[in-house]
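Structure, as structure tokens:
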Amino acid sequence: MKSWAIGILLSILPLAFADVAPEITTLEEGYGYVAKIPCLGCPFLYQDTSSGKDVPWSSREDDNALLLNVSLTYINSNLQLNGQTVWPSASILPGIHSAQVVQDLSTSDISKLVESGQLETSHETGVGGAFLGLSYHSSIHPLKDSAALVIHFDIFEIYSDLPMESLTHALDDERQKMLEIVLIQKPIMSALEDASYEITKISLIPHPKSPSWQQTMRYLEWDKFGERGTSSHFVSSLSASFLMFLDSGVWALFMFILGVIAVFMVVCMLCILSLEWWQDDYKKAQTGKRRKSSGKRDVEMGKLQFKSPEELGLLGRGRVVGLGKSD
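All letters in the sequence shown, in the order written, are residues -18 to -1, 1 to 309 by mature numbering (1 follows the signal peptide of the UniProt record, and there is no 0).
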């Protein structure tokens, strides 16, 4: 090859790779970034819709990466990855999904995705990248003699049910990198002001030799209620089912029936109470009458009855009062 052709080729190559997006793209300093994590050894899933038909998903060998939208909220300082809060940590770990893109995704493509608010959409016209479920480790460590926090986020497995046969792939390559985020607390200006943070450093780093993970989320073993098979998962799912039942039309009908029954019972209780009250008054009146009538009988019985002369004679021991004759 002639020297002038080699010179032209060397001059073109930097331009060809100049627009490739870096591992970390800054959206807003301290609060918003896009991390492009290489997915080493991962098959690239795509669906060719250029023909206008709903064809099955396929895979090809292509260097690819996973996109993570890293954002820190202003008010509560919640760190989110693709819209899911990872700090402050919770007992129920969130399910995180990521778009799979080609490794040479350009900066302009990321800018378009950010402007349209669709970081999870396809980066190619007519050929869509997959939307994968992530299994991950995470840990939070404070920096010694500092108010800063170091957050490590490591993706160790991906899952997709888009192909005819579901795909599970472990990211076990030794060169696989993980995400490191450093948060530092901002100065508090008043006692009424809550603590707030900002991102001072974000980068992709190699795996540590002896990692100490605090939380592990396996995508197929967790759902929105927590880890399947645990007591907390049972309680959470039962509570959610009850709340859904309360919001359903069945609950409204059930409440209507309960209301009718309650009104009927109240009416019955009022009738019973009023009847007992009337019977008590009637009994009191009858008792008063009996007392009065019994008193009159006692007085009448206490009066001297008219006695015949024979009875008077008997009482007078053979004497008849008023007659001048004696036995």
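Each residue gets a CB set at the ideal place from its N, CA and C atoms; glycine is no exception.
Since S90 and N64 are thought to touch, with beta carbons under 8 Å apart, how far apart are those beta carbons, to the nearest angstrom? Not really, about 21 Å apart at Cβ, beyond 8 Å.
Do M146 and P38 have their CB atoms nearer than 7 Å? yes
Going by other Cβ atoms of all chains shown within 10 Å of its Cβ, with 16 needed for buried, is W259 buried or exposed? exposed
Inside the segment 42 to 117 only - beta strand (DSSP E) runs reaching at least 3 residues: 46 to 54, 61 to 63, 66 to 69, 79 to 84 and 109 to 111
F216 burial status per 10 Å Cβ neighbour count (16 or more: buried): exposed
Does DSSP put A130 in a helix, a strand or coil? coil
I133 and I163 - do their beta-carbons sit closer together than 7 Å? yes
By how many angstroms is the C-alpha of L257 removed from the C-alpha of V245? 18 Å
Buried or exposed: where does G211 fall if 16 or more other Cβ atoms within 10 Å of its Cβ makes it buried? exposed
Counting only the same chain and skipping the five closest in sequence on each side, list residues whose C-beta sits under 6 Å from that of T67. N60
Output the distance between the C-alpha atoms of P20 and A47, rounded to the nearest integer angstrom. 4 Å
If S120 sits next to Q197, beta carbons under 8 Å apart, how far is it from one beta carbon to the other, in whole angstroms? 5 Å
What does a CB cutoff of less than 8 Å around R42 pick up in its chain, not counting 5 residues either side in sequence? P25, F26 and Y28
Closest to Y15 by CA distance: which of L95, L174 and I243 is it? L95
Going along the chain, which residues of its own chain have a beta-carbon closer than 6 Å to the beta-carbon of T182, five neighbours each way excluded? V164 and I166
Bounding residues of the beta strand (DSSP E) (the contiguous stretch that carries M160): K159 to Q167
So, for L240: in the same chain, excluding its five sequence neighbours on each side, which residues have a beta-carbon less than 6 Å away from its beta-carbon? none
Taking C-beta to C-beta, are H151 and I137 nearer than 7 Å? no
Candidates S214, A222 and E156, of which the one nearest I187 by Cα: E156
Restricting to Cα atoms, I'd like to know which of D205, Y179 and L255 is closest to Y13. Y179
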